[in-house]
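A.B. asks:
In this note's numbering, the protein residues as written are 863 to 976.
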């Protein structure tokens, strides 16, 4: 919601669909951090940690590790959101962006455990 009561049209990214009724979005900044993590693994860490493999192996392993890493970020945000929903707070969307993820809450929680 925008301050004037209308829908906020400022989101710039890609809609991935819904999970448990929560809209999941990727901000364009997410692609930068995805590429950075992938490059750091495939061109930096993996060749040093596991020498002697092919370049394709490092990039494939880096891609798989990066996907699992961001899946864990998504699972983390979903866990927060599902707890909030159990407390009666509506969660219209989760957006993944350069610094991780953020859930948009319809109201502030009254219980610190939420």
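Built from N, CA and C at the ideal position, the CB exists for glycine as well. Keep in mind the model is a prediction, meaning the values are calculated, not measured.
If I'm right that residue 934 touches residue 951 with Cβ under 8 Å, what's the distance once you round it to whole angstroms?
C.D. replies: If you number the chain shown from 1, residue 934 lands on position 72. If you number the chain shown from 1, residue 951 lands on position 89. Not really, about 23 Å apart at Cβ, beyond 8 Å.
A.B. asks: Can the beta-carbon of residue 943 be found less than 8 Å from the beta-carbon of residue 884?
C.D. replies: Residue numbering aside, residue 943 sits at position 81 when the chain shown is read from its first letter. Residue numbering aside, residue 884 sits at position 22 when the chain shown is read from its first letter. Yes, Cβ-Cβ distance for residue 943 and residue 884 is below 8 Å.
A.B. asks: Nearest CA to the CA of residue 961: which residue from 879, 881, 874, 892?
C.D. replies: The residue you call residue 961 lines up with position 99 of the chain shown. For residue 961, the nearest C-alpha among the options comes from 892.
A.B. asks: So residue 938 packs on residue 963, CB below 8 Å; how close in whole Å?
C.D. replies: Start at 1 with the first residue of the chain shown, and residue 938 comes out as number 76. Start at 1 with the first residue of the chain shown, and residue 963 comes out as number 101. So it is a contact: roughly 7 Å between Cβ atoms.
A.B. asks: Where residue 965 and residue 904 are concerned, what is the direct C-alpha to C-alpha distance, given to the nearest angstrom?
C.D. replies: Taking the chain shown and counting its residues from 1, the one referred to as residue 965 is at position 103. Taking the chain shown and counting its residues from 1, the one referred to as residue 904 is at position 42. The alpha-carbon atoms of residue 965 and residue 904 are separated by roughly 30 Å.
A.B. asks: How big is the Cα-Cα spacing for residue 899 and residue 954?
C.D. replies: Residue mapping note: residue 899 aligns to position 37 of the chain shown, counting from 1. Residue mapping note: residue 954 aligns to position 92 of the chain shown, counting from 1. Answer to the nearest angstrom: the Cα atoms are 28 Å apart.
A.B. asks: Of all the options 927, 896, 957, which has the alpha carbon lying nearest to the alpha carbon of residue 940?
C.D. replies: Position 78 of the chain shown holds residue 940. When each option's Cα is compared against that of residue 940, the closest is 957.
A.B. asks: Go through its chain and collect everything with a Cβ distance to residue 924's Cβ below 7 Å, but skip five positions before and after it.
C.D. replies: Your numbering for residue 924 matches position 62 in the chain shown. Closer than 7 Å at the Cβ level, and outside the excluded window around residue 924, lie 900, 903, 904, 908.
A.B. asks: First and last residue of the alpha helix (DSSP H) that includes residue 955?
C.D. replies: Position 93 of the chain shown, counted from the first residue, corresponds to residue 955. It is not in any alpha helix (DSSP H) - residue 955 instead sits in the beta strand (DSSP E) that spans 955-959.
A.B. asks: Taking Cβ to Cβ, would you say residue 930 is nearer than 8 Å to residue 896?
C.D. replies: Walking along the chain shown from the start, residue 930 turns up at place 68. Walking along the chain shown from the start, residue 896 turns up at place 34. No. Outside cutoff.
A.B. asks: Distance, Cα to Cα, residue 977 vs residue 880?
C.D. replies: Since the displayed the chain opens at 863 and closes at 976, residue 977 lies outside it and no answer follows.
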